[in-house]
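Note sheet for the following structure.
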DNA sequence: TGCATTTATTGAACTTGTTCAATGCTTTTC
DNA sequence: GAAAAGCATTGAACAAGTTCAATAAATGCA
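Protein chains in written order, with our numbering: chain F, 1 to 192; chain P, 1 to 192.
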């Protein structure tokens with residue numbers, strides 16, 4: 001399970017075996033059952049985690065009670081509420097397991113320790129945050145410029161695990177109603 | 001002008017005077033006239049810059065020729081196409097000065113040099129990217145959950161410099177037409 | 001297995017936002 | 001300082017997406 005973590009890290013930076021071992025030893029494996037929450041609104045996010053196996057949805061509930069999905073985290077994705085975790089603020093997000101899952105988690109103190117002792121780790125997270133940053137910009141542009149139909153098509157192409165997601169969850173990611181997802185599906189199945 | 005850069009850096013990290021001097025000496029001042037471009041689509045972004053004075057719009061043009069504004073960068077904001085700059089890829093963005101502006105810019109080689117020689121700088125950019133990351137997540141949620149009216153109100157509250165922006169530019173940020181911005185304005189002026 | 005609950009589909013009426021076109025108003029620009 | 005170009009406003013017709021309600025299908029659970 002820690003193996004998945006090592007492989008993920010190796011994708012971003014090169015690092016000595018010793019440092020890799022030491023850094024990875026700061027993580028703890030965590031099993032999360034389907035429908036359990038890693039984080040709820042109002043809590044302070046105490047972890048940053050790599051999904052070794054499973055599927056999570058990271059979402060927000062607005063003042064009208066409507067859910068917006070920020071992203072789905074599947075195998076090899078990182079999950080946390082970065083704002084809550086780094087700044088110790090109460091979270092405005094929920095992180096729920098959609099399947100039985102395995103995550104490698106590190107707490108704040110250990111991560112700060114790593115930042116101080118391993119410059120490579122600072123670099124690792126800078127690079128990862130930068131990549132996410134680019135993806136978020138891309139999504140903002142897409143949300144501004146594309147219709148729901150286009151975003152739906154993009155989504156099912158980009159998220160191969162969409163099979164296991166309900167219309168409701170896809171709708172909450174696209175920012176439309178689940179009824180409309182249904183109508184898009186129908187339209188597409190009728191050869192557009 | 002380099003003074004603005006130093007103040008910006010000091011807001012994020014604590015750093016010795018010596019390191020601050022050395023790092024800042026890697027930047028060059030650049031004057032940009034209104035309507036000039038710092039970057040155009042297709043170019044490789046060769047700089048990362050702090051706006052010491054002025055106003056820029058960072059935008060994308062989609063396949064239908066419609067502009068989407070990613071953000072407006074005013075005094076004390078950073079501007080770059082992070083994807084193009086860090087990965088040497090052709091940019092899909094335009095960065096245009098909306099006023100005569102002054103920017104402190106650093107190139108890729110010098111920034112990489114700084115990353116290697118000053119661990120604090122790695123930290124600086126990790127922290128800044130993280131903050132932007134949080135803001136981008138916030139905007140995605142807002143775009144998914146709020147109506148154009150609400151986003152317009154949020155916008156004019158959050159961007160005090162909106163006075164100098166045309167309806168077209170605001171519309172391109174909100175993802176609506178400039179005609180509709182006009183209609184929102186009218187509705188709001190008539191006591192909602 | 002069977003019942004209860006959630007999820008998906010569909011339609012009709014509605015709301016939000018777009019498109020196009022016409023008109024007046026500001027800026028540029030020479 | 002006049003002509004041209006771009007910008008803002010408004011209305012009417014339209015398209016995209018929502019809401020509500022009714023029904024069917026799938027899933028969870030005892």
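Note that CB positions come from ideal geometry on N, CA and C, so glycine has one too.
State the start and end residues of the unbroken alpha helix (DSSP H) segment that holds residue i.
i                      : result
residue 104 of chain F : No alpha helix (DSSP H) contains residue 104 of chain F, which is instead part of the beta strand (DSSP E) from 101-107.
residue 29 of chain P  : Careful: residue 29 of chain P lies outside any alpha helix (DSSP H), inside the beta strand (DSSP E) at 28-32.
residue 186 of chain P : 178-189
residue 43 of chain F  : Neither: residue 43 of chain F is in no alpha helix (DSSP H) and is coded neither H nor E.
residue 9 of chain F   : 2-12
residue 18 of chain F  : 17-24
Under 8 Å, do residue i and residue j count as touching if we go by C-beta distance?
i                      : j                      : result
residue 35 of chain P  : residue 114 of chain P : no
residue 182 of chain P : residue 167 of chain P : yes
residue 143 of chain F : residue 143 of chain P : yes
residue 152 of chain F : residue 136 of chain F : no
residue 69 of chain P  : residue 169 of chain P : yes
residue 145 of chain F : residue 62 of chain P  : yes
residue 58 of chain F  : residue 101 of chain F : no
residue 159 of chain P : residue 72 of chain P  : yes
residue 20 of chain P  : residue 6 of chain P   : yes
residue 122 of chain F : residue 122 of chain P : yes
residue 67 of chain F  : residue 172 of chain F : yes
So residue i packs on residue j, CB below 8 Å; how close in whole Å?
i                      : j                      : result
residue 37 of chain F  : residue 94 of chain F  : 6 Å
residue 129 of chain P : residue 177 of chain F : About 34 Å separates the two Cβ atoms, so there is no contact after all.
residue 4 of chain F   : residue 50 of chain F  : 7 Å
residue 47 of chain P  : residue 105 of chain P : 4 Å
residue 103 of chain F : residue 148 of chain F : About 32 Å separates the two Cβ atoms, so there is no contact after all.
residue 44 of chain P  : residue 91 of chain P  : 7 Å
residue 161 of chain P : residue 55 of chain P  : 6 Å
residue 83 of chain P  : residue 39 of chain P  : So it is not a contact: roughly 12 Å between Cβ atoms.
residue 23 of chain F  : residue 118 of chain F : 6 Å
residue 193 of chain F : residue 111 of chain F : Nothing can be reported for residue 193 of chain F, as the shown portion of chain F is limited to 1 through 192.
residue 140 of chain P : residue 15 of chain F  : That belief does not hold up - the Cβ atoms of residue 140 of chain P and residue 15 of chain F are roughly 32 Å apart, past 8 Å.
Between which two residues does the beta strand (DSSP E) carrying residue i extend?
i                     : result
residue 61 of chain P : 55-61
Using a threshold of 7 Å, is the CB atom of residue i nearer than that to any non-hydrogen atom of the ligand ZN?
i                    : result
residue 9 of chain F : This structure lacks the ligand ZN; in fact it carries no ligand of any kind.
**Item:** Proximal residues, the stretch 93-110 of chain F versus chain P, C-beta separation under 7 Å
**Value:** The stretch 93-110 of chain F vs chain P, Cβ under 7 Å: nothing.
**Item:** 3-residue-minimum beta strand (DSSP E) runs that sit fully inside the stretch 60-92 of chain P, ordered along the chain
**Value:** Fully enclosed beta strand (DSSP E) runs of 3 or longer: 67-74.
**Residues in the stretch 29-43 of chain P having any Cβ partner in chain F nearer than 7 Å** = Close to chain F, meaning a Cβ-Cβ distance shorter than 7 Å, is no residue of the stretch 29-43 of chain P at all.
**Asked** Residue ranges of each alpha helix (DSSP H) run of no fewer than 4 residues wholly in the stretch 90-170 of chain P, ordered along the chain?
**Response** 108-117, 119-145, 148-158
**Members of the stretch 118-146 of chain P near chain F, C-beta cut-off 7 Å** = 119, 122, 123, 125, 126, 129, 130, 132, 133, 134, 136, 137, 139, 140, 141, 143, 144, 145
**Asked** What residues in the stretch 48-67 of chain F bring their beta carbon closer than 7 Å to a beta carbon of chain P?
**Response** 60, 62, 66
**Item:** Under 7 Å (Cβ pairs) to chain F, residues found in the stretch 70-93 of chain P
**Value:** 70, 82, 83, 86
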